[in-house]
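All remarks here apply to the structure that follows.
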Amino acid sequence: MPVSPAAADPLPWGPYTCAQGRVWRLANAGDLVCTWPERRTDVAAENSSSPSHKLLNTMYCMPGYEWRLANPSDRACVTSVQRRMARMENESAAYSLADPAAVPLGGVSVMTRRGAGGVNYLYAKGTGLTLKWSAEFYAVGVKGPDWPTGRPRIGEAWPDAPGTFTDWTYIGQVTCVPSETKPVPVVVVDLGTGMVTRAGTTDAFMCWSP
């Protein structure tokens, strides 16, 4: 009896598999933010040259350089432009993954409050975020001409305690889409690391609630 060939793994590198054409940045160990191959080459070069940009026998940078801070443990000394590029990569992390909905559940969850006229409101609560950084929230799999990526940004919020939303915190509002018929996943991007985690689902894009 013939054996069917195994189906290709849609996420061959696990939940943080990058979108086609992208690779992990690898600013340091555990950095799984996705970027373009040439950027990873640049980041590796920044790491190699960083020691020559530090003050002698210290971890601090020489004038004209600053910590890259792709994540809190990243102490590579780079230019302000290079640091900004790392920040922009963190900000776009939800778009550079192959499937953001496949990432693990994190410590933050979302709640939806349905409003009038098809306008609905989302709130977040939970912990596990980077100290002194905000978080951005995205829906995954929403159809429509306004969101060619299918990943509309819902909003951004700052924790009210170190790395924590201690109570339900407003993150944004959305207007329902008639074509949406089921809840969609919501992911949270920790801007301090670029790490993406799941925060549950929302029916906010539906014009009726099951």
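For the sequence shown, counting from 1, position 84 maps to 84 in my numbering; every step adds exactly one. Don't be surprised by glycine CBs; every beta carbon is placed ideally from N, CA and C.
Helix, strand or coil, according to DSSP, for residue 37 in the structure here? helix
Which two residues bound the contiguous beta strand (DSSP E) that contains residue 173? Residue 173 -> beta strand (DSSP E) spans 164 to 175.
Is the segment 108 to 119 touching the segment 48 to 60 in the sense that three or more CB pairs, one from each, lie closer than 8 Å? no
Taking only runs that begin and end inside the segment 8 to 70, name each unbroken alpha helix (DSSP H) of 4 or more residues, in chain order. 37 to 49
Give me the Cβ distance between residue 129 and residue 152, rounded to the nearest whole Å; I'm assuming they're in contact under 8 Å. The pair is not a contact, with the Cβ atoms about 21 Å apart (cut-off 8 Å).
Give the straight-line distance between the Cα atoms of residue 51 and residue 81, rounded to the nearest whole angstrom. 18 Å
Are the CB atoms of residue 154 and residue 186 within a distance shorter than 9 Å? yes
Determine the DSSP secondary structure at residue 111, reduced to helix, strand or coil. strand
Can you tell me the Cα-Cα spacing of residue 4 and residue 15, whole angstroms? For residue 4, the pLDDT reaches just 35, beneath the cut-off of 50, and the residue's location in the model is therefore unreliable, although a value from the coordinates is still provided. Near 25 Å, if we compare the C-alpha coordinates of residue 15 and residue 4.
So, helix, strand or coil for residue 196, using DSSP? strand
Along the chain, where does the alpha helix (DSSP H) that runs through residue 81 open and close? Boundaries of the alpha helix (DSSP H) around residue 81: 80 to 91.
Per-residue DSSP class, three states only, for residue 128: coil
Tell me, which residues are paired with residue 136 by DSSP? 156 and 189
Report yes if the CB atom of residue 135 is closer than 9 Å to the CB atom of residue 190, and no otherwise. yes
Which of the three DSSP states, helix, strand or coil, is assigned to residue 161? strand
Residue nearest to residue 91 in terms of C-alpha spacing, selected from 77, 102, 71 and 101: The shortest C-alpha separation from residue 91 is found at 71.
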